[in-house]
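**Student:**
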Amino acid sequence: MSDKSTLSIVIPCYNEEATLARCVDRVLAIANEDTALELVIVNDASKDRSLEIAHQLAAKDARIRVFNHEVNQGKGAALRTGFQQATGDYVAVQDADLEYDPRDLLRLLGPLREGDADVVLGSRYLSGGQHRVLYFWHTMGNKLLTLLSNMFTDLYLTDMETCYKVFKREVIQSIDIEEDRFGFEPEVVAKVAQRRLRVHEMGISYNGRTYEEGKKIGMRDGFRALYCIMRYNAHNAPIFMQFLVYLFIGGTAAIFNLLLFLLLYQGFNVEALLAAPIAFFSAAAVNYRLCVWVLFQKNAKWSTGTELAIYLAVVCGVALVDAGVTQGLLMAGAGAMAAKLWATGIGLVLNFLGRRFFVFPEPKRGPWNPSA
Numbered sequence: 001m002s003d004k005s006t007l008s009i010v011i012p013c014y015n016e017e018a019t020l021a022r023c024v025d026r027v028l029a030i031a032n033e034d035t036a037l038e039l040v041i042v043n044d045a046s047k048d049r050s051l052e053i054a055h056q057l058a059a060k061d062a063r064i065r066v067f068n069h070e071v072n073q074g075k076g077a078a079l080r081t082g083f084q085q086a087t088g089d090y091v092a093v094q095d096a097d098l099e100y101d102p103r104d105l106l107r108l109l110g111p112l113r114e115g116d117a118d119v120v121l122g123s124r125y126l127s128g129g130q131h132r133v134l135y136f137w138h139t140m141g142n143k144l145l146t147l148l149s150n151m152f153t154d155l156y157l158t159d160m161e162t163c164y165k166v167f168k169r170e171v172i173q174s175i176d177i178e179e180d181r182f183g184f185e186p187e188v189v190a191k192v193a194q195r196r197l198r199v200h201e202m203g204i205s206y207n208g209r210t211y212e213e214g215k216k217i218g219m220r221d222g223f224r225a226l227y228c229i230m231r232y233n234a235h236n237a238p239i240f241m242q243f244l245v246y247l248f249i250g251g252t253a254a255i256f257n258l259l260l261f262l263l264l265y266q267g268f269n270v271e272a273l274l275a276a277p278i279a280f281f282s283a284a285a286v287n288y289r290l291c292v293w294v295l296f297q298k299n300a301k302w303s304t305g306t307e308l309a310i311y312l313a314v315v316c317g318v319a320l321v322d323a324g325v326t327q328g329l330l331m332a333g334a335g336a337m338a339a340k341l342w343a344t345g346i347g348l349v350l351n352f353l354g355r356r357f358f359v360f361p362e363p364k365r366g367p368w369n370p371s372a
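Heads up: the sequence shown begins at 1 in the UniProt record's numbering, then just goes up one per residue.
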């Protein structure tokens, strides 16, 4: 075991006057001869007495530091502030709502202090302490999000959404956290995986709250988490996962192409020879925006001008292939519907490959960091 180290515990706080003092007492109680503590409380513009209580606690104990957001920004923003201010050897996240038992943090520190891990996650679904049983569909949603995250990251976690994440300080302070709300969880897991850091997972206890007791996460946050899984993972995901995402993008652009063509041709009596290219290239613009929104990294290799030029070349090339395949199959005796479906399928694959390898090329992922 290493010499005495300091654990910085970041506590994001929003309207937690009923539990904040008890939470801090429980956290301070885990200090021992091997572990000193630093508590970083970040009040996210609470409307109750949370900030007042935090300052009272800090006045009584020098290990507590308090920071305040004048405007509510969300849990991710509070954590971003806390991580920047942390000074300990290791940094952990502790919600102020008493759902998690701080005594578990000492066990989670083990792999970090022994040099076996860079990040340790506490799982509510591995064998650990006691669990309060609540909300079947909420739990299934968490497990589904974890499964999707694993498919993109190639990690095999059981609880991506857990609050209990413990990091080496230099690791978490080197990660640029962009999400302001509960999207922090899938974002940080994605960025840890992309760095091929050593990740461990250990079972913890969990005493979940009801919504009447103050639980804040909801369906909106679930949809945001789903978006974040794609947004922060897809550009680096296995190619078959990228293709599945592109099916959505290509399908959306194709529907836009059809609807815009019909609107121009039938609604505004625009000539077909003009309506078709307008619809086609407008759909190509939609396709590009969706690609950089949910799948690929803009300017992954090229400047914006070069990237757009290559994108346009790929689009035009695939359009020529589409026309050639369609015409060729028609001349071979295929029906119009069959010819167009074959051409569309081939074009979809070529469009994806062109974007993946030419427009938005990503370097090959490196190996996972070896264990000590």
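Here a beta-carbon is modelled for each residue, glycine too, at the ideal position from N, C-alpha and C.
(1) Which value, in whole angstroms, describes the spacing of the CA atoms of P361 and W342?
(2) If we require 4 or more residues per run, which alpha helix (DSSP H) segments fall completely within the region 140-220?
(3) Return yes when the Cβ of A319 is within less than 9 Å of the Cβ of G354, no when it is not.
(4) Quick check on DSSP: helix, strand or coil for G115?
(5) With a Cβ-Cβ cutoff of 9 Å, do V294 and V325 count as a contact?
(6) Jot down the residue ranges of each uninterrupted alpha helix (DSSP H) in the region 40-82, minimum 4 residues, whole runs only, in chain order.
(7) Between G76 and E161, is the Cβ-Cβ spacing less than 9 Å?
(8) What does DSSP give as the partner residues of L7 in its beta bridges?
(9) Nearest-angstrom Cα distance between V349 and R195?
(10) C228 bridges to which residues according to DSSP?
(11) Do the region 144-153 and the region 78-95 meet, that is, are 3 or more Cβ pairs less than 8 Å apart?
(12) Less than 9 Å between the C-beta atoms of A284 and Y265, yes or no?
(13) According to DSSP, is V120 part of a helix, a strand, or is it coil?
(14) Do you know how far the Cα of G250 is from the Cα of S303?
(15) Please classify residue 449: does DSSP put it in a helix, a strand, or coil?
(16) If I follow the unbroken alpha helix (DSSP H) through I346, where does it start and stop?
(17) For the region 6-20 against the region 50-58, are there 3 or more C-beta pairs whose distance is under 8 Å?
(18) May I ask you to report which of helix, strand or coil DSSP gives R365?
(19) Within the continuous alpha helix (DSSP H) that includes D25, where are the two ends?
(20) Could you tell me if N287 is buried or exposed, where buried requires 16 or more neighbouring beta carbons within 10 angstroms of its beta carbon?
(21) Among the candidates I11, I177, M337 and L197, whose CA atom is the shortest distance from the CA of D97?
(22) Could you check the C-alpha separation between K143 and Y156 for me, to the nearest Å?
(23) For Y135 and D159, which I take to be in contact (beta-carbon distance under 8 Å), what is that distance rounded to the nearest angstrom?
(24) With a Cβ-Cβ cutoff of 9 Å, do D101 and I204 count as a contact?
(25) Which same chain residues end up closer than 8 Å to S282 when comparing Cβ atoms and leaving out the 5 residues on each side of it in sequence?
(26) Use the C-beta contact count for D89: other C-beta atoms within 10 angstroms, 16 or more gives buried, fewer gives exposed.
(27) Report back the beta-carbon spacing between L39 and I64 to the nearest angstrom; my notes put them in contact at under 8 Å.
(28) Taking L247 as the reference, give the member of K168, D118 and G345 with the closest Cα.
(29) Threshold first: 3 residues or longer. Then list the beta strand (DSSP E) segments lying entirely within the UniProt domain "GtrA/DPMS transmembrane" (246-360), N to C.
(30) Closest to R49 by C-alpha separation, out of C13, D25 and I30, would be which residue?
(31) Using only alpha-carbon positions, find the residue among R231, A279 and A272 that is nearest to A253.
(32) Determine the closest residue to N68 out of K4, V42, A92 and V91, with distance taken between C-alpha atoms.
**Tutor:** So, to answer that:
(1) Looking up residue 361 in the sequence shown gives position 361. Looking up residue 342 in the sequence shown gives position 342. If you take the alpha carbons of P361 and W342, they lie about 27 Å apart.
(2) 169-173 and 184-194
(3) As a position in the sequence shown, residue 354 is number 354, starting the count at 1. As a position in the sequence shown, residue 319 is number 319, starting the count at 1. Not in contact: G354 and A319 (Cβ atoms no closer than 9 Å).
(4) The residue labelled residue 115 in the question sits at position 115 within the sequence shown. Residue state for G115 is assigned as coil, using DSSP reduced to three classes.
(5) As a first step, residue 294 must be located in the sequence shown, where it is residue number 294. As a first step, residue 325 must be located in the sequence shown, where it is residue number 325. No, the pair does not count as a contact, with Cβ atoms beyond the cut-off.
(6) 50-60
(7) Here residue 76 refers to the residue found at position 76 when the sequence shown is read from its first residue. Here residue 161 refers to the residue found at position 161 when the sequence shown is read from its first residue. Not a contact, by the Cβ cut-off of 9 Å.
(8) Here residue 7 corresponds to residue number 7 of the sequence shown, with the count starting at 1. Paired residues: L37 and Y90.
(9) The count along the sequence shown starts at 1 and reaches residue 349 at position 349. The count along the sequence shown starts at 1 and reaches residue 195 at position 195. Using only the alpha carbons, I get a separation of about 29 Å.
(10) Residue numbering aside, residue 228 sits at position 228 when the sequence shown is read from its first letter. C228 pairs with nothing; no bridge assigned.
(11) no
(12) Within the sequence shown, the letter at position 284 stands for residue 284. Within the sequence shown, the letter at position 265 stands for residue 265. Not a contact, by the Cβ cut-off of 9 Å.
(13) As a working mapping, residue 120 is identified with position 120 in the sequence shown. Look at V120 here: in three-state DSSP terms it is strand.
(14) In the sequence shown, counting from the first residue as 1, residue 303 sits at position 303. In the sequence shown, counting from the first residue as 1, residue 250 sits at position 250. Computed Cα separation, rounded: 24 Å.
(15) The structure shown does not extend to residue 449, since the chain is modelled only from 1 through 372, so no value can be given for it.
(16) The residue you call residue 346 lines up with position 346 of the sequence shown. Residues A336 to G354.
(17) yes
(18) On the sequence shown, residue 365 is found 365 positions in, with the first residue counted as 1. Residue state, collapsed to three classes: coil.
(19) Mapped onto the sequence shown, residue 25 falls at position 25. It spans L20 to L28 - the alpha helix (DSSP H) in which D25 sits, taken as one unbroken run.
(20) Position 287 of the sequence shown, counting from 1, holds the residue named residue 287. In the assembly as shown, N287 is a buried residue. Its beta-carbon has 16 or more other beta-carbons within 10 Å.
(21) On the sequence shown, position 97 is the one that residue 97 refers to. Nearest C-alpha to D97 among I11, I177, M337 and L197: I11.
(22) For this step, residue 143 is matched to residue 143 along the sequence shown. For this step, residue 156 is matched to residue 156 along the sequence shown. So the alpha carbons of these two residues sit roughly 12 Å apart.
(23) Here residue 135 corresponds to residue number 135 of the sequence shown, with the count starting at 1. Here residue 159 corresponds to residue number 159 of the sequence shown, with the count starting at 1. Y135 to D159, Cβ: 15 Å. No contact.
(24) One-based indexing of the sequence shown puts residue 101 at position 101. One-based indexing of the sequence shown puts residue 204 at position 204. Taking 9 Å as the Cβ cut-off, D101 and I204 qualify as a contacting pair.
(25) Along the sequence shown, read from residue 1 onward, the residue named residue 282 stands at position 282. Answer for S282: F256, N257 and L260, listed in chain order.
(26) Within the sequence shown, the letter at position 89 stands for residue 89. D89 should be labelled buried.
(27) Within the sequence shown, numbered from 1, the residue matching residue 39 stands at position 39. Within the sequence shown, numbered from 1, the residue matching residue 64 stands at position 64. Between I64 and L39 the Cβ distance is about 5 Å, and since that is below 8 Å, they are a contact.
(28) As a first step, residue 247 is located in the sequence shown; it is residue number 247 there, counting from the start. Ranking K168, D118 and G345 by Cα distance to L247 puts G345 first.
(29) Counting whole runs of 3 or more residues, the UniProt domain "GtrA/DPMS transmembrane" (246-360) contains no beta strand (DSSP E) stretch at all.
(30) Taking the first residue of the sequence shown as position 1, residue 49 is located at position 49. Selected option, being the one with the closest Cα: C13.
(31) Counting from 1 along the sequence shown, the entry for residue 253 is found at position 253. Here the closest residue by C-alpha is A279.
(32) Looking up residue 68 in the sequence shown gives position 68. Looking at the Cα atoms, V42 is the closest of the given residues.
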